[in-house]
Amino acid sequence: MSEARTLDALIVGAGFAGLYMLHKLRQDGFTAQVVEKGSGVGGTWFWNRYPGARCDIPSIEYSYSFDAELEAEWRWSERYAAQPEILRYLEHVAERFDLMRDIALETLVTSARWDEGKGRWLVETDGGDAFDVQFLILATGALSEPKQPDIPGLENFEGQVLHSAMWDDGADLAGKNVCHFGTGSTGIQVVGEVAKAAKQLTVFQRTPNFAVPAGNHPLPEDYLEDLLPRYPELRERARTSPLGWFHGAWEGSAKADDAEAREERLEKAWKAGTTGLLQAYEDLLFDEESNSYAADFARRKIAELVDNPEKARKLTPHGYPIGSRRLCTEVNFYEAMNRDNVALVDVREEPVVTVTAHSVRTDKGEYPADVIILATGFDACVGAIKAIDIRGRDGRSIRDEWDNGPRAYLGLAVEGFPNMFTITGPGSPSVLSNVVVSIEQHVEWVARCMVDMRDAGQPVIEATTEAETAWMEHAHEVAHSTLFPRANSWYQGQTKDGRQVFMPYVGGVGAYRAKCEEIAANGYEGFVLR
Ligand code: FAD
Ligand code: N01
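If you want this note's numbering, it's the 1-based position in the sequence shown plus 297.
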């Protein structure tokens with residue numbers, strides 16, 4: 298282990314969060330270093346290179362707002378940029394703000410230990426580097442730790458296994474037999490593209506998801522001219538909105554309209570693309586009856602879009618409210634399902650018995666495979682943090698503590714782990730919002746807190762147990778006033794004794810921001826400064 302480098306802050310991760318955090322801390326006069334395990338910057342958009350990967354919040358909204366010149370010089374080519382374009386944007390940001398000189402790539406943070414006597418963290422990497430820092434900032438991403446699925450016999454497979462979040466750029470699927478697992482947002486994007494290349498594609502689905510048309514299109518050459526004068530106002534609207542978007546839900550309840558008016562409004566929302574369907578009425582995520590109208594509408598659409606009635610039946614979701622699992626957006630998923638070279642296996646009706654060297658065998662048949670694709674998701678919200686051996690006060694381990702249910706004050710700080718901040722941690726709006734808006738808010742709040750601590754001569758901050766518990770209870774109550782907890786989804790974390798903890802904060806981006814502001818203005822209420 299080399300001698301520890303002394304800095305104000307170590308930032309783990311070089312995605313949207315880590316890049317802006319570094320820039321902001323430099324502006325505020327702190328010394329900081331980013332450590333990133335990937336060989337490039339970009340986070341999500343570096344790793345998820347699978348065919349069809351793109352965002353589903355319009356790129357003019359899903360982008361940084363902190364610098365007006367950056368806004369003015371970057372032009373998006375499509376309403377929803379594809380992965381290579383978002384990655385180019387983040388690489389541009391890293392270059393434009395001269396960030397690369399303080400980013401160590403291909404370096405994994407393996408451990409961090411709080412030294413109570415010194416009031417500092419000692420952070421270590423897999424390459425033998427060590428950092429002695431006042432602040433540890435985890436910009437490790439809520440969807441960055443890929444989940445390895447429980448598929449019997451996968452280890453027997455002799456062909457290529459591709460995970461969507463660790464895609465091999467050189468993978469050539471032309472003329473191959475492909476077996477694909479997972480039909481979440483990722484799987485739905487992958488299937489649409491792979492179906493065109495593969496000889497035969499067999500999709501293994503466990504839970505059918507609702508998917509709405511993305512409504513993607515190229516942006517006109519001159520779109521920025523019209524947008525730029527309105528940008529500040531639109532960005533401000535996003536910051537104070539429930540979801541971090543320029544536009545909120547349309548007013549009114551689905552129960553208030555008659556069947557004809559409701560159908561007309563749902564059709565308009567469906568055609569608006571992205572997750573617009575959920576914005577058709579303001580009570581869709583709160584009221585079961587209202588939600589059922591939107592869910593039935595989406596089910597009827599599946600029956601219209603999918604020619605084969607048996608495939609349509611399997612693809613039709615039941616048993617949970619629409620929107621309570623992440624609503625997927627699709628460009629060519631249902632189109633792919635209509636192709637003769639695409640088969641759909643519902644593993645709840647036809648379980649996988651084993652993977653063999655060259656096939657996937659179920660209790661009803663055998664499907665040849667040259668390649669297996671896993672679009673099986675992430676250890677969401679907590680996985681990347683638990684992967685690091687973090688020891689706080691008195692040697693307490695975050696892994697052990699979060700095994701008993703993830704907890705954090707405002708999703709930003711954890712009791713027992715002083716001077717550690719989690720960007721988009723559990724208990725913050727994070728994955729239930731336009732994540733870039735949430736990231737910017739967290740980064741700015743953390744930087745302001747560090748400046749205030751420096752000005753006050755108080756070098757250590759820690760959340761109190763009371764404040765953290767009260768916040769998690771509040772987050773739980775808010776979640777349970779909606780339909781979100783009605784579904785089994787990756788939004789729910791599990792405790793050792795089987796309790797479910799709804800991880801993202803449902804109370805809204807604007808309300809959450811106001812609460813964070815109030816807490817800072819009141820001398821960091823709920824924190825102890827020393
Ligand atoms: P990430 O981009 O995940 O970056 C975290 C980085 O930390 C990674 O590069 C990782 O390698 C690094 N890291 C983690 N642990 C360590 C360690 N121990 N040592 C060193 N480095 C480490 N959100 C939206 O709002 N809209 C969208 O349309 C949208 N589309 C998405 C599409 C996909 C395919 C996925 C997976 C997610 C999408 N998201 C979307 C969510 C997306 O994750 C966020 O919008 C955003 O990119 C997260 O940025 P981040 O910097 O917080 O985390
Ligand atoms: O992951 P997921 P994801 N056999 O967890 C299935 C963002 N994102 O990578 O639902 C068969 O949603 C699993 O089945 P089930 C977005 O926030 C956005 O797709 O657990 N199947 C599920 O179908 C998103 O929500 C975009 O029953 C198995 C799938 O794998 C988040 O990232 C694009 C299985 C995993 O779905 C995560 O999405 C991509 C098994 N053994 C991602 N194990 C945009 O469009 C698991 N599954 C913006």
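Just so it is clear, CB atoms sit at the ideal spot from N, CA and C, and this is done for glycine as well.
Computed from a prediction, not measured in an experiment: that's the story for all the values here.
- Contact between the segment 798-806 and the segment 724-731 is established, with three or more Cβ pairs separated by less than 8 Å.
- In this structure, DSSP gives Thr719 an extended state, which the three-state scheme calls strand.
- Rounded to the nearest whole angstrom, the CA to CA distance from Trp547 to Gly541 is 15 Å.
- For Gly484, the enclosing alpha helix (DSSP H) starts and ends at 482-494.
- One alpha carbon belongs to Glu712, the other to Glu647, and they sit about 46 Å apart.
- For Trp342, the CB stays at least 7 Å from every heavy atom of ligand 2.
- Contact annotation, Pro723 with Gly790: C-beta distance approximately 7 Å; criterion of less than 8 Å satisfied.
- By the C-beta density criterion, His514 is exposed, having fewer than 16 other C-beta atoms within 10 angstroms.
- For Thr328, the three-state secondary structure derived from DSSP is coil.
- Taking 7 Å as the cut-off, the C-beta of Thr659 does not count as close to any heavy atom of ligand 2.
- For Trp411, the enclosing beta strand (DSSP E) starts and ends at 406-412.
- Secondary structure note for Asn506: it is in no beta strand (DSSP E), with a DSSP letter that is neither H nor E.
- In this chain, Ser441 is not harboured by any alpha helix (DSSP H), its DSSP state being neither H nor E.
- When DSSP states are grouped into helix, strand and coil, Phe543 belongs to the coil group.
- Beta bridge pairing from DSSP links Val649 with Thr659.
- For Cys476, the three-state secondary structure derived from DSSP is strand.
- Remark: the C-beta of Gly481 is outside contact range of ligand 1, defined as less than 7 Å to any heavy atom.
- The alpha-carbon of Asp399 is positioned some 6 Å away from that of Val331.
- CA-CA distance, Arg610 to Arg372, rounds to 42 Å.
- Taking 8 Å as the cut-off, the Cβ atoms of Val500 and Val642 count as close.
- Distance from the CA atom of Arg562 to the CA atom of Ala379, rounded to whole angstroms, is 29 Å.
- Given a length threshold of 3 residues, each whole run of the beta strand (DSSP E) inside the segment 325-374 is given here in chain order: 329-332.
- Ranked by how close their Cα comes to the Cα of Pro449, the residues Gly489, Lys661, Val657, Lys321 have Val657 in first place.
- For Ala462, same chain residues with a beta-carbon under 6 Å away, outside a window of 5 residues either side, are Trp344, Asn345, Pro443 in chain order.
- In this structure, Val748 lies away from Leu459, with their beta-carbon atoms at least 8 Å apart.
- Judged by DSSP secondary structure, Cys625 falls within the beta strand (DSSP E) whose first and last residues are 625-627.
- The C-beta separation of Met800 from Cys678 comes to about 4 Å, placing the pair in contact by the 8 Å criterion.
- Under the rule that a run must span 4 or more residues, the alpha helix (DSSP H) segments found entirely inside the segment 597-626 read 606-612.
- In this structure, Thr721 has its beta carbon less than 7 Å from a heavy atom of ligand 1.
- With fewer than 16 other beta carbons inside 10 angstroms of its own, His389 counts as exposed.
- Judged by beta-carbon spacing, Cys813 lies beyond the 8 Å limit of Leu671, meaning their Cβ atoms are not closer than that value.
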